[in-house]
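For the sequence shown, my numbering gives the first residue as 7, with consecutive numbering after it.
Even glycine gets a Cβ: it sits at the ideal position worked out from N, Cα and C.
Small disclaimer: the values here were computed from a predicted structure and weren't measured.
Right, one structure below, let's go through it.
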Amino acid sequence: MGSLRKERPLRQLFYVLRRSPQRGIMEHQYFIKGGNPLVGSVEIGGAKNSALGILAAAIMCDETVTIRNLPDVNDINVFINAIKSIGAQIVYPNPNDRHIVMINGRGIRNLEVDNEYIRQIRASYYLIGALLGKYKEAAVALPGGCNIGARPIDQHQKGFKALGADIKIDKGMIYARADKLVGKTIYLDVVSVGATINIMLAASMAEGKTIIENAAKEPHVVDVAQFLNQMGADIRGAGTGRIRINGVKKFKAADHEIIPDQIEAGTFMCAAAATMGDVTITHVIPQHLEAITAKLLDMGAQIEETDDAIRVVVPKRLGSTTIKTMPHPGFPTDMQSQFVVCLALASGNSLVTEKIFESRFQYTGELVKMGANITVEGTTAFIQGVDKLTGAIVKAPDLRAGAALVIAGLSAEGCTCVEDIKYIKRGYENFAEKLRSLGGIIEEREIASHEDQEHEMRRLELVG
Ligand code: UD1
């Protein structure tokens, strides 16, 4: 008996360690109690993907540029630290407000960008275009970003080479160098947002005229081009498939407001739809949301538009639809997972085909844990709508799918815990606060063990 009593604490400790995936490492998680329709009004921030291109463009200028409506999210803050580390001057005119930043690229001395953080964000590649354009030389850590497919950068490289640069990849770094850059006609083999913006950056300081054929038409491509033009670049045709760029020697001071984030807006539209709520999404450009609005209308949502707001009302269960992701102005891949959540709860059978990123259905396994009826074959998801989802412990596999799992939690019966919310924080500012302002029950907690997690879930079960 005595020896058994001695063993018990050890066994308990082993049990705790075995069951604790983090082994004492604190991790932030969302705890959500579902079932409340979201109601109210929410304001959308600046577009993250626009901001990344604009911040890169800003370091090409040796005068001070002001950027407004900057989203205060992790990817942006990592990017700002990266440009600061190579010598760009960064000033927040109002120290308590990270939505306005002033940048001056005159002090840049170091053309090599590498740290553990920059390796984690996809848009680090914009620093190649910006530094190569301005200094004709760059070395940047290969991009990371969300794990949603192979994500090659061959079209970026093809563009830089066409302009006259030598490109070398070695030990996780891309090295680009040119004696001079000379404008060329570049035909993109695939429509790529990143390659279009990157080539635009480099070509805006090349000699002569560059034409990008089969260019991406996303609103953020237009936003970056407008910012470059404000600084004195000569870019025409952004927003069409053919962008013409006449290179200039240097840029001048500018003041630019970033466009609203269409994906953040679309995410709140889906949150309203999935919870059968009534939400007005303000500070948006409704024209940028047309593909999203059209699908929600098709599924039976009621939508009202004003100049800069969209109201989504869903009084009865949504119906099924068919979605195929496409480059803009088609249905955005970044909205695919949020719509799958809506369709998982809609009546009837839906088909969603992913045409941009081959591995973008990883999260559907998590939705199945919550009671969804989804099967994936290749790049198509077959969704049979169910009457309800039920709360579960799920893991965010990437930024947008993470947001989709939060929406699933808000529309499910019972409590949901979303792990790995670091992905969500890369691109959504005050996500939980904004959802709470609409009546959603969602809390962020720092968790070290499964016991803590279970405790939080039990506690939340009693709320409301
Ligand atoms: C950007 C967005 C991302 C969005 C995506 C598509 C940023 C920081 N990220 O990513 O949120 O999901 O656009 O709208 O703005 N491709 C190649 N070779 C290349 C480049 C791309 O084959 O050199 C392929 C990709 O694998 C993908 C397709 O082209 O199949 C589109 O990718 P792209 O538009 O480049 O996406 P990103 O710019 O990485």
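Can we count residue i as close to the ligand UD1, meaning its CB is less than 7 Å from some heavy atom?
i, result
"Val346", "no"
"His162", "yes"
"Thr327", "no"
"Phe363", "yes"
"Pro158", "yes"
"Glu435", "no"
"Leu138", "no"
"Asn83", "no"
"Asp284", "no"
"Thr339", "yes"
"Asn80", "no"
"Ser198", "yes"
"Leu2", "Residue 2 lies beyond the residue range present for the chain, which begins at 7 and ends at 470; the question has no answer from this structure."
"Leu58", "yes"
"Arg128", "yes"
"Asn100", "no"
"Ala201", "yes"
"Asn55", "yes"
Drop a sphere of 10 angstroms on the beta-carbon of residue i, count the other beta-carbons inside from all chains shown, and report buried for 16 or more, exposed for fewer.
i, result
"His461", "exposed"
"Leu468", "exposed"
"Val199", "buried"
"Asn110", "buried"
"Gln268", "buried"
"Asn100", "exposed"
"Ile298", "buried"
"Lys256", "exposed"
"Ile127", "buried"
"Glu452", "exposed"
"Pro338", "buried"
"Glu457", "exposed"
"Arg464", "exposed"
"Arg432", "buried"
Considering only DSSP beta bridges, list what residue i is partnered with.
i, result
"Gly215", "Checking the displayed sequence, the identity of residue 215 turns out to be Lys instead of Gly. According to DSSP, Lys215 bridges with Asn252."
"Gly52", "Pro266"
"Asp120", "Its beta-bridge partners do not exist; DSSP assigns none."
"Phe37", "Cys423, Glu449"
"Gly325", "Ser353"
"Ala244", "Thr246"
"Tyr193", "Glu219"
"Thr273", "None, per the DSSP bridge assignment."
"Ile287", "Val48, Ile316"
"Gln308", "Val319"
Which whole-angstrom value is the C-beta distance of residue i and residue j, which I expect to be below 8 Å?
i, j, result
"Ile92", "Val119", "6 Å"
"Ala260", "Val71", "5 Å"
"Pro133", "Val107", "Correcting the residue type first, residue 133 is Leu in the shown sequence and not Pro. Their Cβ separation, rounded to whole angstroms, is 16 Å, which puts Leu133 and Val107 out of contact at 8 Å."
"Glu224", "Tyr193", "In fact, because the Cβ distance is near 18 Å, the residues do not count as touching under 8 Å."
"Ala402", "Ile427", "6 Å"
"Gly446", "Val424", "With a Cβ gap of about 13 Å, Gly446 and Val424 do not count as contacting."
"Ala57", "Ile264", "5 Å"
"Ala201", "Gln161", "4 Å"
"Val412", "Ile399", "Their Cβ separation, rounded to whole angstroms, is 13 Å, which puts Val412 and Ile399 out of contact at 8 Å."
With a threshold of 7 Å (Cβ to nearest heavy atom), would residue i be considered close to the ligand ADP?
i, result
"Ala222", "Judged by which ligands are present, the ligand ADP is missing from the structure shown, whose ligands are the ligand UD1."
Checklist entry - What are the start and end residues of each continuous beta strand (DSSP E) run of 3 or more residues lying completely inside the stretch 66-112, in chain order? => result 71-74, 95-97, 107-110
Item to check | 3-residue-minimum beta strand (DSSP E) runs that sit fully inside the stretch 330-393, ordered along the chain | outcome: 355-359, 379-383, 386-390
Checklist entry - Taking only runs of the alpha helix (DSSP H) that begin and end inside the stretch 139-180, which ones reach a length of at least 4 residues, in chain order? => result 160-168
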